[in-house]
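Positions in the sequence shown are counted from 1; adding 544 to them yields the working numbering. For glycine and all other residues, C-beta sits at the position ideal for the given N, C-alpha and C. Keep in mind it's a predicted model, so treat the numbers as computed, not measured. Reviewing the structure listed below.
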Amino acid sequence: MNIVFIVNEHAGNGRNVWQRIQRQLTIPYDVYKTAYKQHATAIAAQIAATKQPTCLIAVGGDGTIHEVISGIVGATSIIVGVFSAGSGNDFGRAYEVFDSVTALEQWYETKQMATHDIGTFQQAFFMNNAGFGFDAYVAALANASTLKNILNRVKLGKLAYIYFLVRALFTYDTATFTINGERYERVWFITVSNQPYFGGGMKLSPHSKTNDGMLECTVVHHLSKLKLLTMFVTVFWGGHTHFREVTQFTASSFQVDVYGKTYCHIDGETFVINKQPVPIAVQPRSWQLAQKKRNEELH
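Given below as structure tokens:
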């Protein structure tokens with residue numbers, strides 16, 4: 545089996561993590577370094593097209609991992625591996641990742657893997673979650689500012705999220721959506737999850753699983769601004785599920801009807817859509833991830 549790394553040196557601690565991997569690695573490998581947005585998807589798709597048995601290892605943050613997996617969905621010759629090197633790293637909270645070169649080399653002896661579901665948002669894929677509304681608006685504000693990068697460099701990335709969350713409270717208007725025929729008013733946000741975590745460690749969807757053929761929809765609505773802030777504090781341990789203004793339900797597909805300009809996110813990447821129906825669905829067991837035993841931290 546070939547070992548191929550796709551490295552984003554600009555993601556969080558990507559450059560340092562890759563340098564450490566290089567120093568310690570004793571098995572043969574190839575490496576590609578990303579140079580622009582969606583480059584990792586193009587590289588991954590090109591490698592998958594060869595149909596050669598390959599472990600394709602992403603070194604980067606959730607955005608890099610998202611791009612790599614998007615390029616290999618349905619490719620049975622590809623097993624994905626991950627060294628997390630971003631700022632949020634929600635992927636690594638729910639999925640297995642390599643925490644050391646030793647763990648990778650031990651895995652190489654067994655080549656065990658597990659299959660996982662993937663979500664679709666229109667034509668795009670998501671491994672973690674996708675959504676609409678306030679949380680996407682907060683992420684868009686953060687992504688457009690240099691403050692997020694500065695705080696991430698000094699390991700204070702969560703402060704950036706809190707700052708932009710409070711700022712967004714004074715400029716964001718709630719909206720009306722329809723989900724699978726059910727109308728929801730005064731909605732702050734909607735998130736469809738394939739795993740429990742989002743936003744850098746918030747346990748939004750505690751019961752979500754990556755391999756059960758289902759997605760969970762969380763709708764936060766009819767909350768005052770103060771109560772919304774209180775709810776966000778409880779999300780880190782899943783306490784928000786006890787709020788009557790938080791509605792959660794599971795399905796294999798959803799149609800979300802959007803009635804105006806709306807901020808959206810897919811695995812942390814933000815964009816804006818206008819009035820339209822948005823189909824969201826799960827594709828069960830669509831990609832393969834390296835399964836290993838945890839070992840010492842990369843150092």
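- In this structure, ALA638 lies near GLN739, with their beta-carbon atoms less than 7 angstroms apart.
- DSSP, read as helix, strand or coil, puts SER796 in coil.
- Sequence-distant Cβ neighbours of LEU767 in its own chain, meaning closer than 7 angstroms and more than five residues away, are TRP732, MET775, GLU789.
- The stretch 579-596 makes no contact with the stretch 663-683: fewer than 3 CB pairs, one atom from each, lie closer than 8 angstroms.
- DSSP, read as helix, strand or coil, puts LEU600 in strand.
- If you look at LEU759, you'll find it in the beta strand (DSSP E) that goes 759-765.
- Of all alpha-carbon atoms in MET545, LEU770, PRO821, the one lying nearest the alpha-carbon of THR654 is that of MET545.
- Around the beta-carbon of ASN724, fewer than 16 other beta-carbon atoms lie within 10 Å, marking it exposed.
- Here VAL603 is near PHE627, since their CB atoms are less than 7 angstroms apart.
- No residue range can be given for GLU640, since it is assigned to no alpha helix (DSSP H) and is classified by DSSP as neither H nor E.
- Rounded to the nearest whole angstrom, the CA to CA distance from THR762 to GLU649 is 39 angstroms.
- DSSP places ARG559 inside the alpha helix (DSSP H), whose first and last residues are 558-568.
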